[in-house]
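Undergrad: I'd like to ask you about the structure that follows.
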Amino acid sequence: MNTEIRFLQQLETDLTEAAAREAAVLRSDDSGSGSGFDDDRSRRLPRRERHWGGIAAGLVAFLVLAGSIGFLSQNGSQDASTASAGSPFIAPGDAAGEAPAAQSSPFPGFANDQAQGVRGVTSDGTLTSGGVSYQAAGAGTDQPALNAGPGLPAAQSQGDLSKIVRDGRISIVVSDGDFETSQATVTRIAVSSGGFVLTSTTQGQNTGTFTLRIPAKKFDVAMERLRAIGEVKADAVTGQDVTAEFIDQTARLQILLDRRDLLQSLQNDATTSQEILRLAGLIEQTQLEIERTQGQLRYLKDQVAEATIKVDLREQHAPEEETGPTTDNPSLADAIRLGWEGFLRVISAVIVGLGYLVPIAAIGLAIWGIVTLVRRRRRAAS
Amino acid sequence: MPDQRTDTELLLASRDDPEMFTELYRRHAEDLLRYFARRTLDPETAAELTAETFAEAFASRQTYTDKGVNGVAWIYGIARHRLGRFFRHGRVDASARRRIGIPERELPPEDYERIEDLIDFAPIREALSEALETLSPDQRDAMKLRVIDEMGYPEVASRLGCSEANARQRVSRGLRKVALMLQERGMQLTTEVEA
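One line per chain: the protein sequences are C and X, in this order.
This note's numbering puts the last residue of the first sequence at 566; the count rises by one with no breaks.
This note's numbering puts the last residue of the second sequence at 354; the count rises by one with no breaks.
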């Protein structure tokens with residue numbers, strides 16, 4: 185280069201050295217003796233790739249921020265309305281039937297067992313569902329009074345038809361050495377309430393699980409008495425409204441009975457043996473359906489008439505994992521289901537967070553755009 | 160024997176053979192320095208922008224593809240971008256030089272006059288006289304002696320009673336301020352056609 189400017193001469197030397205360094209790195213890459221030049225390699229990344237890398241990093245940071253905001257906001261709203269998602273237990277008096285609370289419950293699958301028609305029931309017997317509030321009439325009846333909200337189907341507004349299957353689960357910790365006494369108390373509560381102990385499992389004379397069947401009208405009293413046994417670690421009550429199913433089955437039974445009567449009268453009037461035989465077949469088929477429907481109605485009545493209470497009883501210093509309800513049915517399917525639910529919760533948190541962030545980002549972008557535009561115009565004007 | 164390849168060919172070849180880039184530098188370094196000097200009026204700034212532009216071009220040469228844009232026009236594109244940043248922020252950063260491991264170097268004293276010689280002050284002398292009024296007295300006096308009266312730095316230094324290095328610095332800072340101010344007012348500092 186024909187220049188007298190020393191700065192340019194020096195810069196040429198610097199650039200030549202930089203080129204030589206990079207050529208050496210390229211040669212070492214080609215010969216496969218790679219490591220030790222990570223910095224140089226990253227420097228040689230095409231600008232476009234670095235550009236996209238920056239955008240991707242920004243996007244990830246944005247989504248993480250959105251997820252955090254979504255999680256915090258969801259958590260906050262749950263704290264305000266139902267049992268906290270982070271809380272290990274559902275305290276007495278908290279709504280227990282809502283899905284998020286059920287997920288955080290120490291009784292996994294308990295609320296989920298009620299596949300349909302589940303409504304939240306607070307432990308004082310109030311059952312809640314969107315726009316509808318049921319108030320169980322204390323211990324006095326298994327037909328809870330019903331205050332129907334607007335828009336409720338006419339059939340459900342008849343209080344005497346309401347059928348609710350109630351289930352309770354309670355985890356109690358008693359003082360060391362009191363297990364046997366407490367076990368006897370549980371049995372006494374079941375019997376004195378007019379019910380019985382359906383199943384009983386004890387481990388090591390200090391932990392046990394009992395399933396009680398209690399007449400529905402004694403359910404709340406029994407739960408209260410069970411709570412008095414020791415320190416309540418967890419407590420959940422759910423109610424499954426089977427009114428609609430009960431009405432359906434009753435109507436179906438009536439139709440089947442009418443049909444059978446009609447078929448029998450036709451059979452009486454029949455003149456040919458072929459016709460008589462065909463009608464007999466139909467009557468038999470109808471009879472079978474009648475019996476099946478009656479069986480289902482009986483089952484529903486039993487379920488409504490008797491509530492189930494599952495009691496986990498444990499001495500204070502007994503190993504927790506032995507009675508831990510979470511280990512009841514460990515399975516891969518459960519793990520996958522929980523993982524999937526967790527994934528969906530993260531996605532929903534991100535979406536909620538984006539709901540907060542996107543409008544703010546849009547406003548910020550608009551302000552930035554206006555400021556830039558004004559600056560450019562001012563510069564151009566001056 | 161000089162390399163017969165075109166600028167575009169050299170730039171493309173430098174993607175796999177980095178040393179080819181040096182030839183490209185030899186061909187265009189002084190022109191680019193002149194380009195910057197005439198726009199910034201300041202030798203220090205012009206030298207720094209030149210170094211930064213070539214460093215950026217070297218670091219980014221993998222992104223250059225021959226789509227009909229001449230290799231040197233691509234480098235001048237980077238130069239315009241760097242110049243725009245200088246006018247916006249009033250300073251030159253050294254990010255590209257750092258990226259490829261080139262140190263920041265001081266402008267040697269003797270280069271000030273050589274680079275100023277590349278600047279044609281004649282067309283902007285009038286505008287300069289007005290702009291001088293906005294400078295500090297030290298810078299204004301140094302600038303008047305050097306640019307308007309066209310004195311050498313030893314004489315400027317003796318008139319001002321300061322060292323030569325100090326005189327160069329005052330003129331350099333003054334020129335930079337004037338260039339930024341003229342740019343803000345939308346004045347074209349040069350009428351030459353860009354490469």
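Glycine residues also receive a C-beta, built at the ideal position from the N, C-alpha and C atoms.
With DSSP run on the structure shown, which of helix, strand or coil describes X/Q163?
TA: Reading the second sequence from its first residue, position 4 is the one you call residue 163 of chain X. The answer is coil: DSSP assigns X/Q163 none of H, G, I, E or B.
Undergrad: The beta strand (DSSP E) with C/L396 in it runs from where to where?
TA: On the first sequence, residue 396 of chain C is found 212 positions in, with the first residue counted as 1. It spans T391 to P399 - the beta strand (DSSP E) in which C/L396 sits, taken as one unbroken run.
Undergrad: Using a Cβ-Cβ cutoff of 9 Å, what residues of the stretch 260-285 of chain X are near chain C? List them in chain order.
TA: Going along the stretch 260-285 of chain X in chain order, one finds G260, I261, P262, R264, E265, L266, P267, E269, D270, R273, I274 and L277 with a Cβ nearer than 9 Å to chain C.
Undergrad: Taking X/A218 and X/A255 to be in contact with their CB atoms under 8 Å, please state how far apart those CB atoms are, rounded to whole angstroms.
TA: Along the second sequence, read from residue 1 onward, the residue named residue 218 of chain X stands at position 59. Along the second sequence, read from residue 1 onward, the residue named residue 255 of chain X stands at position 96. Right, their Cβ atoms sit about 6 Å apart.
Undergrad: Below 8 Å on the Cβ atoms is my guess for X/F246 versus X/L339; work out the distance and round it to an integer in Å.
TA: By one-based count along the second sequence, residue 246 of chain X stands at place 87. By one-based count along the second sequence, residue 339 of chain X stands at place 180. Yes, X/F246 and X/L339 are in contact; Cβ-Cβ is about 7 Å, under 8 Å.
Undergrad: Skipping 5 residues on each side, what residues in its chain have a beta carbon closer than 6 Å to that of C/A406?
TA: Counting from one through the first sequence, the residue named residue 406 of chain C turns up at place 222. Cβ neighbours of C/A406 beyond the five flanking positions: I373, S377 and I398.
Undergrad: Could you tell me whether the Cβ of C/A240 comes closer than 8 Å to any Cβ of chain X?
TA: The sequence position of residue 240 of chain C within the first sequence is 56, counting from 1. Output row for C/A240: interface = no.
Undergrad: Note down the Cα distance separating C/F522 from C/V349, rounded to an integer number of angstroms.
TA: Counting from one through the first sequence, the residue named residue 522 of chain C turns up at place 338. Counting from one through the first sequence, the residue named residue 349 of chain C turns up at place 165. Per the sequence shown, the amino acid found at residue 522 of chain C is Leu instead of Phe. Rounded to whole angstroms, C/L522 to C/V349 spans 26 Å at the Cα level.
Undergrad: Three Cβ pairs or more, each shorter than 8 Å: is that satisfied between the stretch 227-242 of chain X and the stretch 210-217 of chain X?
TA: Contact between the stretch 227-242 of chain X and the stretch 210-217 of chain X is present, because at least three Cβ pairs lie under 8 Å.
Undergrad: Take X/L319 and list the residues in its own chain whose beta-carbon comes closer than 7 Å to its own, dropping the five residues that flank it on each side.
TA: In the second sequence, counting from the first residue as 1, residue 319 of chain X sits at position 160. D300, A301 and A326, listed in sequence order.
Undergrad: Along chain X, in chain order, which residues have C-beta atoms closer than 8 Å to that of C/T200?
TA: Position 16 of the first sequence, counted from the start, is the residue given in the question as residue 200 of chain C. Here the neighbours are E178 and T181.
Undergrad: In chain order, what residues of the stretch 184-203 of chain X put their CB closer than 9 Å to some CB of chain C?
TA: Cβ contacts with chain C come from Y184, R185, R186, A188, E189, L192 and P202.
Undergrad: Can you list, in chain order, the residues of its chain with a C-beta nearer than 8 Å to that of X/S288? Leave out the 5 residues immediately preceding and following it.
TA: Position 129 of the second sequence, counted from the first residue, corresponds to residue 288 of chain X. Within the same chain, X/S288 has close Cβ partners I307.
Undergrad: So with Cβ pairs under 8 Å, would you call C/R561 a contact of chain X?
TA: Here residue 561 of chain C is taken as the residue at index 377 of the first sequence, counted from 1. No, C/R561 lies away from the interface with chain X (no Cβ there is under 8 Å from its Cβ).
Undergrad: With distances taken from CA atoms, which of C/Q424, C/T369, C/R462 and C/A428 is nearest C/E490?
TA: Locating residue 490 of chain C in the first sequence gives position 306, where the first residue counts as 1. Comparing Cα-Cα distances from C/E490 to each of C/Q424, C/T369, C/R462 and C/A428, the minimum goes to C/Q424.
Undergrad: Can you have a look at X/V330 and say buried or exposed, based on whether 16 or more other CB atoms are within 10 angstroms of its CB?
TA: Locating residue 330 of chain X in the second sequence gives position 171, counting from the first residue. Classification of X/V330: buried, given that the 10 Å Cβ count is 16 or more.
Undergrad: Give me the Cα-Cα distance between C/I535 and C/V555, rounded to the nearest whole angstrom.
TA: As a first step, residue 535 of chain C must be located in the first sequence, where it is residue number 351. As a first step, residue 555 of chain C must be located in the first sequence, where it is residue number 371. Taking the straight line joining both Cα atoms gives about 30 Å.
Undergrad: Rounded to a whole number of angstroms, what is the C-alpha to C-alpha distance between C/R529 and C/S252?
TA: In the first sequence, the residue the question calls residue 529 of chain C occupies position 345. In the first sequence, the residue the question calls residue 252 of chain C occupies position 68. Near 12 Å, if we compare the C-alpha coordinates of C/S252 and C/R529.
Undergrad: Listing by chain order, which chain C residues have their CB less than 7 Å from the CB of X/A210?
TA: What you label residue 210 of chain X is simply residue 51 of the second sequence in a count that begins at 1. The answer, in chain order, is L195.
Undergrad: Does the stretch 382-394 of chain C come close enough to the stretch 479-497 of chain C to have 3 or more Cβ pairs within less than 8 Å?
TA: Yes, they touch.
Undergrad: Would you please verify whether the beta carbon of C/G218 is less than 8 Å from any beta carbon of chain X?
TA: As a working mapping, residue 218 of chain C is identified with position 34 in the first sequence. Only weak support exists for where C/G218 lies, its pLDDT of 44 falling under 50; the value from the coordinates is given anyway. No, its Cβ sits nowhere closer than 8 Å to a Cβ of chain X.
Undergrad: For X/A290, which residues from the same chain have a beta carbon less than 7 Å from its beta carbon, with the 5 sequence-adjacent residues on both sides left out?
TA: Stepping through the second sequence from its first residue, residue 290 of chain X is reached at position 131. Within the same chain, X/A290 has close Cβ partners V337, M340 and L341.
Undergrad: Taking the C-alpha atoms as reference points, what is the distance between X/A168 and X/G230?
TA: Stepping through the second sequence from its first residue, residue 168 of chain X is reached at position 9. Stepping through the second sequence from its first residue, residue 230 of chain X is reached at position 71. Reading off the sequence, residue 168 of chain X comes out as Glu, not Ala. Going from the Cα of X/E168 to the Cα of X/G230 covers about 8 Å.
Undergrad: Do the stretch 361-373 of chain C and the stretch 479-490 of chain C touch if we need at least three Cβ pairs shorter than 8 Å?
TA: No contact exists between the stretch 361-373 of chain C and the stretch 479-490 of chain C.
Undergrad: Within the continuous beta strand (DSSP E) that includes C/K402, where are the two ends?
TA: Indexing the first sequence from 1 puts residue 402 of chain C at position 218. C/K402 -> no beta strand (DSSP E), and no H or E assigned at all.
Undergrad: How many angstroms separate the CA atom of X/R258 from the CA atom of C/L541?
TA: As a first step, residue 258 of chain X must be located in the second sequence, where it is residue number 99. As a first step, residue 541 of chain C must be located in the first sequence, where it is residue number 357. So the alpha carbons of these two residues sit roughly 34 Å apart.
Undergrad: On the DSSP bridge list, what partners appear for C/R353?
TA: The count along the first sequence starts at 1 and reaches residue 353 of chain C at position 169. Beta-bridge pairing links C/R353 to C/A420 and C/K494.
Undergrad: Determine, using beta carbons only, whether C/T556 comes closer than 8 Å to chain A.
TA: Checking the listed chains, one finds no chain A in this structure; the protein chains it contains are C and X.
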